[in-house]
Amino acid sequence: MLCWAPLAQAQDDTGEAGSVAMSVEELRKQVIELNRDLFVLEEDLLFPASTQFAVFLSVETGEFLSLDAVKLKVDDEVVASHLYTARQVDALRRGGMQRLHMGNLKTGEHEVTVFVDGIGPENRPYRKAATYQLDKGTGTATLEVRIRDRSADYQPAVELVEWE
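Residue numbers (my numbering): 12 to 175.
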């Protein structure tokens with residue numbers, strides 16, 4: 012009978028180990044859910060809907076411009092700048108969209124300017140700027156920087172468009 016005692020003890024340990032593993036797994040799931048909830052809360056606190064302002068970048072076709080860099084100014088203050096790798100440009104050409112900037116902006120009139128640098132037609136350096144007068148209301152404001160080919164004159168076009 013003494014021989015069976017260690018075996019019974021081992022079976023109890025296995026049962027406890029299994030329940031501990033299940034408890035650890037449950038805790039891990041709860042931590043992941045809590046982390047997600049904290050992230051959402053942080054976004055809401057840092058960027059409340061009444062002051063939230065976001066700018067995205069998209070590239071349509073891209074035959075007349077090889078994108079190198081983008082700089083974004085809001086009210087004469089640089090809020091974002093980005094240098095692009097070949098893989099990033101390729102992703103944008105395939106329909107990807109990049110979030111250039113996310114921040115807070117008070118209600119009222121604002122001037123948003125984007126500067127686009129790259130290599131244009133005939134392998135010449137190309138720099139284009141576009142400006143948009145934004146009337147920021149109490150809701151979220153979202154702009155898109157659209158870089159597209161203009162086949163009428165074989166030049167790239169840069170425009171800022173406000174999302175509805």
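We put the beta carbon where it would ideally sit given N, CA and C, even for glycine.
Sufficient close CB pairs (3 or more, under 8 Å) joining the stretch 81 to 96 to the stretch 110 to 119: yes
Taking just the CA atoms, how far does D160 sit from T72? 7 Å
Specify whether the stretch 148 to 164 and the stretch 47 to 63 touch according to this definition: at least 3 beta carbon pairs, one from each stretch, less than 8 Å apart. Judged by pairs of C-beta atoms under 8 Å, the stretch 148 to 164 touches the stretch 47 to 63, as three or more such pairs exist.
Whole-Å CB distance - V172 paired with L68, under 8 Å assumed: The pair is not a contact, with the Cβ atoms about 11 Å apart (cut-off 8 Å).
Straight-line CA distance for E44 to R135? 51 Å
For D128, collect the residues of the same chain with a Cβ closer than 6 Å to its Cβ; drop the 5 residues on either side in sequence, then sort them by chain order. D79, A80 and R138
Which two residues bound the contiguous alpha helix (DSSP H) that contains A80? Taken as a continuous stretch (DSSP letters only), A80 belongs to no alpha helix (DSSP H), being part of the beta strand (DSSP E) at S77 to V85.
Starting from A97, trace the alpha helix (DSSP H) both ways and give me its first and last residue. A97 to R104
Residue ranges of each alpha helix (DSSP H) run of no fewer than 4 residues wholly in the stretch 84 to 167, ordered along the chain? Fully enclosed alpha helix (DSSP H) runs of 4 or longer: 97 to 104.
Along the chain, where does the beta strand (DSSP E) containing E71 start, and where does it finish? Unbroken beta strand (DSSP E) run through E71: Q63 to E71.
Quick check: the Cα distance between S30 and E53, rounded to an integer number of angstroms? Taking the straight line from one Cα to the other gives about 34 Å.
What is the rounded straight-line gap between the Cα of D59 and the Cα of D48? Inspection of the sequence shows that residue 59 is occupied by Pro rather than by Asp. So the alpha carbons of these two residues sit roughly 16 Å apart.
Where does L116 land, buried or exposed, given buried means 16+ other C-beta within 10 angstroms? buried
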